[in-house]
Structure formats: structure tokens, C-alpha cells
Ligand code: XIL
């Protein structure tokens, strides 16, 4: 009997997706994959390539990449980057001490490589306690600083070493601030290591893979000026202390509609002036109700993304999902949110046109 290895299945899936990506639609790409035809005929991937930036499908789900060729093919056709949904989170890679699980993350890393997509490693330490219960219990149960450093170093080393050279960009710490953004979040790290805990984890990541880009990822700073200030203080202090930090990811879960574009641009510029790279890492905006909802959403996507891309340090925009068929917001809000550039049947929405327009401007097309 012939048996096919997991690696074999992965490469078949990856190959099919690449084929679909090439054969789908009638987009106009040049030899480097950039946009050569009229802007309206180009995919986001082609335009991002022309602009020299990353356009990412976030919340990528390994099970769907494996089992749903349309999901996989459309992702590779429209995007040149991806961020795993949960596959790289601590709960997934080491739910119990010394129990390592990398199969589902491997599948996405292989898929990205086969389709020439960059991958954002999301995320090494996410220690929220009020909204999400995201740390494995064995980490939450730690009661002394030395042990917390030990389990964190073990985890960071295991994951970064496994993907060294394949994942070159990590969200080292996710959401260190409170939701309202007045201060650092109260969690096991702050209680045991003090306010410099974020810097400590960045130094561990730099030691584990000196060539990786190290990013801090935070929510709501593009729509909350006070939170942007707190984040700026934290990061400016890290930079002044010589902590190895390369970039700031601004999550973009704009549940109440687009933020003020002026605030987006000013905020991005402020962090860029610290010498950092910038990305919008998790963007979704629920579609407003009513006949004009889709158009409004298109304008919101355009204005927000164009504001970021006006700053040269803004080098990536990643959505949290990419098709309305699969979005965490349906569960989070308890209703269909339709917050993404492709609809449930992979048709381009006005939101897609808005992103296309912002990328075309950055590319000078
Ligand atoms: C979400 C996932 O999409 C969900 O499937 C999971 O249940 C909870 O986490 N900010 C982040 C992401 O940084 O990792 C979160 O992803 C959404 C909010």
C-alpha cells in the first residue's frame, strides 16, 4: 500500500495553491510579480510587490490551508504575506511544559515558502489576563522570577530556533498595555519581573535568533490618542535603553469604523522617527449596515491604509483574515461582521478597491 507522508501532503497542498494562484483570474503581473496592467486589473499582491511592501492575510488557519484548496489558492493569489491565527501561540506550540507541538505551524510555514509569502511570527509572549486567557496554565502558575525567566527562555528558544531563517519577523510581545492604555497590563510578567519585563523578553528573542526582526504588537493605538502616547513612552524608553526592537505593529480592529486618518499618519510618523519599522498588523472593519455600507467600508479601508503608507517606514498591511467567510469577529460580535476585503465567495469588495488604490499610490501608479 502506498502511504503519503505529512510532508508529501503538505507539498501537494502547496503546489495546488501555487497553481491556482497562477491560473485564477486575469490579473496582469510582470516577471517580478508586480503590476503591469491597469491598476484595476491588478491584485493586491501585484500592487504590493510593485510598491515594495507586504500585504498580508492574517489569522491564517492551517486546517483550512490543508483542507480547502480555494481558501489556500485565493490567499496565495491576493497576498504576499501571512500571519498564522493561533498556530504559533504559546498555547499551541507548548501547552504543557516540554510538550512541543509544531505540526500546524509547520504546515503554514511550508505553505508560505512554497508560495513565496513572507510570514509574521505571531506571537511569542501574549500575557493578557482579562479578555483572553492566553498563557498556558503552567506559565500562569509560576510564582518566582527565576522560574518565569527560565520557562520563557525555553519557549522563545524552542520556537525561534525551529523556524530560524524561515520566519524572519516576530511579534515578540503582544498587547502589553491595558485595553484603555493607561499603563502596562497587570499579569504574571509584570508582577514577577517588574515594568522592564517587555525589554527582558526582547533581549531573550535577540539572543535566540540575532538575525530576526523583533516587533512589538499592540491594539487600539491608532484609534486612541492616549494609548498611542503610553505606547510611545514605553517604546521610546526601550530604544533609549538599547533594547533590540525593530518594529511596531498596530493592530487595526476598528470595530467602530475607521480611525481619524490624521491621527494614523501622525502616530505612524512618530514611531518611524524613533528609527522603527511600522505595520498595520490585524486590520478589520465591520461593514456598516445599509445600502451605502460597502462603499463606506471601502473609503474607510482606503483612508486608513493610505495614511499609513504615506510614511515610508510603513511597510506592511495585514488583515485579520482575508475573506468574510472566515472572520473571528463573527464570533466576537455575535453577528456577521463582513469586515474584510473579499466577500464570503472570494469576490472583491469596495474594501478591496480601497486597498488597491492605497497600494497603487504608494507604488506611484
Ligand atoms: C484571535 C484569533 O483570531 C481567535 O481565533 C482566537 O480565539 C483569539 O485570538 N489580537 C491578537 C490576535 O493579537 O492574536 C487575536 O486573534 C485577535 C486580537
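In the working numbering, the protein residues as written are 1393 to 1757.
Glycine included, every Cβ here is placed at the ideal spot set by N, Cα and C.
Contact under 9 angstroms by Cβ, residue i with residue j
i	j	result
residue 1451	residue 1754	no
residue 1686	residue 1742	yes
residue 1698	residue 1750	yes
residue 1601	residue 1552	yes
residue 1571	residue 1623	no
residue 1639	residue 1669	yes
residue 1710	residue 1683	no
residue 1557	residue 1603	yes
residue 1759	residue 1714	In this structure the chain extends from 1393 to 1757, so residue 1759 is not present and cannot be described.
residue 1744	residue 1436	yes
residue 1427	residue 1757	yes
residue 1554	residue 1503	no
Proximal residues to residue i (C-beta, below 6 angstroms), its chain only, five neighbours per side dropped
i	result
residue 1425	1441
residue 1746	1690, 1693 and 1694
residue 1456	1463
residue 1453	1477
residue 1566	1515, 1518 and 1609
residue 1549	1600
residue 1421	1438
residue 1800	The chain is shown only over 1393 to 1757; residue 1800 falls outside these bounds and no answer can be derived.
residue 1663	1640 and 1670
residue 1489	1530
Reduced DSSP secondary structure (H/G/I, E/B, other) of residue i
i	result
residue 1630	helix
residue 1729	coil
residue 1596	helix
residue 1737	coil
residue 1421	strand
residue 1532	helix
residue 1471	coil
residue 1693	helix
residue 1562	strand
residue 1506	helix
residue 1709	strand
residue 1679	coil
residue 1746	helix
residue 1427	strand
residue 1719	coil
residue 1461	helix
residue 1757	coil
residue 1724	helix
residue 1673	strand
residue 1490	coil
residue 1520	coil
residue 1439	helix
residue 1542	helix
residue 1446	strand
residue 1622	helix
residue 1659	helix
residue 1515	strand
residue 1549	helix
residue 1479	coil
residue 1617	helix
residue 1576	strand
residue 1497	helix
residue 1612	coil
residue 1432	helix
Test: residue i CB closer than 9 angstroms to a CB of chain D
i	result
residue 1669	Annotation note: the requested chain D is absent from the structure, which comprises a single protein chain.
Beta-carbon contacts of residue i that lie in its chain and below 8 angstroms, excluding the five residues immediately before and after
i	result
residue 1636	1594, 1595, 1597, 1598 and 1606
residue 1526	1481, 1482, 1483, 1518, 1519 and 1520
residue 1584	1534, 1535, 1536, 1537 and 1540
residue 1587	1576
Whole-number beta carbon distance between residue j and residue i, since they are thought to touch under 8 angstroms
i	j	result
residue 1562	residue 1641	10 angstroms between Cβ atoms; not a contact.
residue 1708	residue 1531	No, residue 1708 and residue 1531 are not in contact; Cβ-Cβ is about 29 angstroms, not under 8 angstroms.
residue 1731	residue 1679	7 angstroms
residue 1614	residue 1658	The pair is not a contact, with the Cβ atoms about 10 angstroms apart (cut-off 8 angstroms).
residue 1511	residue 1569	In fact, because the Cβ distance is near 25 angstroms, the residues do not count as touching under 8 angstroms.
residue 1431	residue 1748	7 angstroms
Contact set for residue i: own chain, Cβ-Cβ below 7 angstroms, skip 5 residues either direction
i	result
residue 1653	1695, 1696 and 1699
residue 1666	1627, 1628 and 1631
residue 1582	1576 and 1589
residue 1650	1677, 1692, 1695 and 1696
residue 1674	1450, 1643, 1644, 1645, 1710 and 1712
residue 1492	1485, 1486 and 1550
residue 1617	1655
residue 1719	1676, 1713, 1729, 1731 and 1732
residue 1647	1678
residue 1471	1436, 1437, 1447, 1448, 1449, 1509 and 1714
residue 1721	1676, 1678, 1729 and 1731
residue 1479	1454, 1496, 1497 and 1500
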